[in-house]
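Asker: First the structure, which I've put down as structure tokens, then a few questions once you've had a look.
There are 2 protein chains.
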Amino acid sequence: MHTLTHFRLCPFSRAARLALAEFAIEPTLVEERTWEWRPEFLALNPAGELPVLQIDDAAPICGIYAIAEYLGDTPLLDDADSDASIDPEDAGADHDPDDTTPINCKLFPGTPAERAEIRRLVDWFNGKFNREITQELLYERVYARMQHDRTATPDVDVLRAIATNLRYHMSYINHLADQRRWLGGDELSFADLAAAAQLSVVDYLGEVPWENYPIAKIWYARLKSRRSFRGLLADRMPGTLPAAHYADLDF
Amino acid sequence: MHTLTHFRLCPFSRAARLALAEFAIEPTLVEERTWEWRPEFLALNPAGELPVLQIDDAAPICGIYAIAEYLGDTPLLDDADSDASIDPEDAGADHDPDDTTPINCKLFPGTPAERAEIRRLVDWFNGKFNREITQELLYERVYARMQHDRTATPDVDVLRAIATNLRYHMSYINHLADQRRWLGGDELSFADLAAAAQLSVVDYLGEVPWENYPIAKIWYARLKSRRSFRGLLADRMPGTLPAAHYADLDF
Numbered sequence: 002m003h004t005l006t007h008f009r010l011c012p013f014s015r016a017a018r019l020a021l022a023e024f025a026i027e028p029t030l031v032e033e034r035t036w037e038w039r040p041e042f043l044a045l046n047p048a049g050e051l052p053v054l055q056i057d058d059a060a061p062i063c064g065i066y067a068i069a070e071y072l073g074d075t076p077l078l079d080d081a082d083s084d085a086s087i088d089p090e091d092a093g094a095d096h097d098p099d100d101t102t103p104i105n106c107k108l109f110p111g112t113p114a115e116r117a118e119i120r121r122l123v124d125w126f127n128g129k130f131n132r133e134i135t136q137e138l139l140y141e142r143v144y145a146r147m148q149h150d151r152t153a154t155p156d157v158d159v160l161r162a163i164a165t166n167l168r169y170h171m172s173y174i175n176h177l178a179d180q181r182r183w184l185g186g187d188e189l190s191f192a193d194l195a196a197a198a199q200l201s202v203v204d205y206l207g208e209v210p211w212e213n214y215p216i217a218k219i220w221y222a223r224l225k226s227r228r229s230f231r232g233l234l235a236d237r238m239p240g241t242l243p244a245a246h247y248a249d250l251d252f
Numbered sequence: 002m003h004t005l006t007h008f009r010l011c012p013f014s015r016a017a018r019l020a021l022a023e024f025a026i027e028p029t030l031v032e033e034r035t036w037e038w039r040p041e042f043l044a045l046n047p048a049g050e051l052p053v054l055q056i057d058d059a060a061p062i063c064g065i066y067a068i069a070e071y072l073g074d075t076p077l078l079d080d081a082d083s084d085a086s087i088d089p090e091d092a093g094a095d096h097d098p099d100d101t102t103p104i105n106c107k108l109f110p111g112t113p114a115e116r117a118e119i120r121r122l123v124d125w126f127n128g129k130f131n132r133e134i135t136q137e138l139l140y141e142r143v144y145a146r147m148q149h150d151r152t153a154t155p156d157v158d159v160l161r162a163i164a165t166n167l168r169y170h171m172s173y174i175n176h177l178a179d180q181r182r183w184l185g186g187d188e189l190s191f192a193d194l195a196a197a198a199q200l201s202v203v204d205y206l207g208e209v210p211w212e213n214y215p216i217a218k219i220w221y222a223r224l225k226s227r228r229s230f231r232g233l234l235a236d237r238m239p240g241t242l243p244a245a246h247y248a249d250l251d252f
């Protein structure tokens, strides 16, 4: 049995869920509020950060960097030996025959140079995009009320700065999606999943100005219609409902 | 010819320099002040972040995540084909016969699970340690004056918070170094290099309370005495001299 300790709107947790779903692995999800600093959680990951993946009884794999590279190292479904934790037939049984997208992807496909480009973009989204947009937006719109004061309202100046940053990032996604089949190159990769995970949080909160970035929108729609995305689209955060179009494949 | 665009006290640039030096690769170093937002630099790395590695005429490899994994993917010295960019004899000629440490290491040695543990720690140092200590300390002690106001003085409350954070991190390093031969396990790995790179910046600024963490000190002394560390120990930042013991192997 696999367990993913996560938080519903944590973008790194979402990236891990997408990656696992691409391998048709459905872990048991355990929600953690990192700001409560529970000793049991800190024993699992001393950094106190999400997500944490537990594969059977093995040591926990902590953080999205280690998890993504681990899945890249050991694509569990490709593993033909007897330790393979998923019966390929079971995984296949859940596969819609009309769904022409593969049920898994290599997270870091290509040559070392192509992999470096994918990782540059993973770093862009998990680092820069998260710092400049998702983390700030989550704090203003969700965490401030959960962690400090139920009556807290977002700081409009901060929201305005986030919106400015977001336009810059959307232009970049639009540009990449215009130049390439997927953000990191010809093949779907973890760069797409990391980017989509971040954007899915911003989209849940209704802040993505899709109409101005039509090519980015098409790229996101392709990801959103993948089987691996379904779990994320079903998420509902008590106290913070998603934007009306959040789960629509035709948005 | 290889080029590393870096900044002398940037911990990520230092981690890249250590990793390259472990492979006996000596790139041409080009210093960049990212806060000047030079268009030529942004053309090289649109994220505007350091370090950036250029291997011959290939596309730039941007950021410490992509660089470290690239070096893990393609250990250049292990590469026996004719593209190998370093003549092994040349590399050997620079090797001190009395120096029993290997001239290179695998950056992510071991099984996928062992590699996941190494990457957890890389994330700890490049993420958490950097955010809670190095980045803040560099701003207070170096960048505020370089970027904004030559007469700026550090905020003592911030310095006190950094010192508190540092004690916690030093305890963790001490604990890891007590349990294992190297931080990530039995073998030297990029976890050690990432940790040492961060600490080397804090040590340059004279802020590491070594006397209270004797096992961490022994671990750092072992790294510091490696050939790969020499470049870092020779660094001098105009306007900010290093602590007196900074370059001493016996500190």
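If you're matching them up, the sequences are chains A and B in order. Add 1 to a position in the first sequence, counting from 1, and you land on the number used in our numbering. Add 1 to a position in the second sequence, counting from 1, and you land on the number used in our numbering. Glycine included, each C-beta is placed from N, C-alpha and C at the ideal position.
1) Return the CA-CA distance between PRO61/A and ARG121/B, expressed in angstroms with no decimal places.
2) Return yes when at least one heavy atom of the ligand ATP lies under 6 angstroms from the C-beta of SER14/B, else no.
3) Could you run through the stretch 50–81 of chain B and flag, in chain order, every residue whose CB is less than 7 angstroms away from some CB of chain A?
4) Classify GLU168/B: buried if its beta carbon has 16 or more other beta carbons within 10 angstroms, exposed otherwise.
5) My output table needs one value for MET171/B: the three-state DSSP class, helix, strand or coil.
6) Around the Cβ of SER14/B, are there at least 16 other Cβ atoms within 10 angstroms (buried) or fewer (exposed)?
7) Give me the Cα-Cα distance between GLY47/A and ALA67/B, rounded to the nearest whole angstrom.
8) At 9 angstroms on the CB atoms, spell out the chain A contacts of ASP124/B, in chain order.
9) Excluding the five sequence neighbours on either side, which residues of its own chain have a C-beta within less than 7 angstroms of the C-beta of VAL198/A, listed in chain order?
10) Given a threshold of 16 other Cβ atoms within 10 Å of its Cβ, counted over all protein chains shown, does ARG142/A qualify as buried or as exposed?
11) Between which two residues does the beta strand (DSSP E) containing ILE56/B stretch?
12) By a C-beta neighbour count over all protein chains shown, 10 Å radius and 16 as the cutoff for buried, is VAL53/B buried or exposed?
13) Could you check which residue in PRO28/A, GLU41/A, GLU23/A and GLU50/A has the C-alpha nearest to that of THR35/A?
14) Cα-Cα, which of PHE126/A, ASP204/A, LEU108/A and THR4/A is closest to LYS218/A?
15) In chain A, which residues lie with their C-beta within 7 angstroms of the C-beta of PRO113/B?
16) Give the secondary structure of TRP38/B by DSSP, where H, G and I count as helix, E and B as strand, and everything else as coil.
17) Can you tell me which of ALA244/B, ARG231/B and ALA117/B puts its alpha carbon nearest to the alpha carbon of ALA25/B?
18) Please say whether ILE134/B and ALA190/B have beta carbons closer to each other than 7 angstroms?
19) Taking just the CA atoms, how far does MET147/B sit from ASP58/A?
20) Would you identify the three-state DSSP class for HIS246/A, choosing helix, strand or coil?
21) Per DSSP, which one or two residues make a beta bridge with VAL31/B?
22) Where does the unbroken alpha helix (DSSP H) through ALA268/A begin, and where does it stop?
23) Under 8 angstroms between beta-carbons, which chain A residues line up against ARG15/B? List them in chain order, please.
24) Out of THR4/A, THR154/A and LEU138/A, point me to the one whose CA is closest to ALA162/A's CA.
25) Using a Cβ-Cβ cut-off of 7 angstroms (strictly less than) and excluding sequence neighbours within five positions of PRO155/A, which residues of its own chain qualify?
26) If we ignore side chains and look at the alpha-carbon of each, how far apart do LEU160/A and PRO210/A end up?
27) Please state whether the Cβ-Cβ distance between TYR71/B and PRO113/A is less than 7 angstroms.
28) Could you compute how far the alpha carbon of TYR221/B sits from the alpha carbon of GLU212/B?
29) Taking 7 angstroms as the threshold (beta carbon to beta carbon), is ARG168/A in contact with chain B?
30) Would you mind sorting SER229/B into buried or exposed? The rule is 16 or more other CB atoms within 10 Å of its CB.
31) Does GLU37/A pass the burial test, meaning 16 or more other C-beta atoms within 10 Å, or should it be called exposed?
32) Are the Cβ atoms of PHE130/B and HIS176/B separated by less than 7 angstroms?
Answerer: In short, the structure shows the following:
1) Their Cα atoms are separated by approximately 10 angstroms.
2) Among the components of this structure there are no ligands whatsoever, and the ligand ATP is therefore not found.
3) Those residues of the stretch 50–81 of chain B placed with their C-beta closer than 7 angstroms to a C-beta in chain A are ALA59, ALA60, ILE62, CYS63, GLY64, TYR66, ALA67, GLU70, TYR71, ASP74 and THR75, ordered along the chain.
4) In the sequence as displayed, the identity of residue 168/B is Arg instead of Glu. By the Cβ neighbour-count rule, ARG168/B is exposed, with fewer than 16 other Cβ atoms within 10 Å of its own.
5) Helix at MET171/B.
6) Result: buried.
7) Here residue 47/A turns out to be Pro, not Gly, going by the sequence shown. Distance between PRO47/A and ALA67/B, taken at the CA atoms: about 25 angstroms.
8) Simply ALA48, GLU50, CYS63, GLY64, ILE65, TYR66 and ALA67.
9) For clarity, residue 198/A is Ala in the given sequence; the question names Val instead. These residues qualify, in order along the chain: PRO12, ARG15, ALA16 and LEU19.
10) Classified as buried, ARG142/A has 16 or more neighbouring CB atoms from the shown chains inside 10 Å of its CB.
11) It spans 53–56 - the beta strand (DSSP E) in which ILE56/B sits, taken as one unbroken run.
12) Result: buried.
13) It is GLU50/A whose Cα lies nearest to the Cα of THR35/A.
14) Taking each of PHE126/A, ASP204/A, LEU108/A and THR4/A in turn and checking the Cα distance to LYS218/A, the smallest one comes out for ASP204/A.
15) Chain A residues near PRO113/B: TYR71, ASP74 and THR75.
16) The three-state secondary structure of TRP38/B, taken from DSSP, is coil.
17) Minimum Cα distance to ALA25/B is reached at ARG231/B.
18) Note on identity: in this sequence residue 190/B is Ser, with Ala being the wrong assignment. Remark: C-beta atoms of SER190/B and ILE134/B do not approach each other more closely than 7 angstroms.
19) Each residue's alpha carbon lies about 51 angstroms from the other.
20) In the structure shown, HIS246/A adopts coil according to DSSP, grouped into three states.
21) Note: VAL31/B sits in a beta bridge opposite THR6/B.
22) The shown model of chain A, from 2 to 252, leaves out residue 268/A, and the question about it has no answer.
23) For ARG15/B, none of the residues of chain A pass the 8 angstroms Cβ criterion, the least Cβ distance being about 17 angstroms.
24) It is LEU138/A whose Cα lies nearest to the Cα of ALA162/A.
25) Result list for PRO155/A: GLU141 and ARG142, in chain order.
26) Cα to Cα, the separation comes out at about 14 angstroms.
27) Yes, the pair counts as a contact, with Cβ atoms nearer than the cut-off.
28) Just so you know, the alpha carbons of TYR221/B and GLU212/B end up roughly 13 angstroms apart.
29) The Cβ of ARG168/A sits no closer than 7 angstroms to any Cβ of chain B.
30) So SER229/B counts as buried.
31) Its Cβ having fewer than 16 others within 10 Å, GLU37/A is exposed.
32) Their beta carbons are not under 7 angstroms apart, which means PHE130/B does not touch HIS176/B by this criterion.
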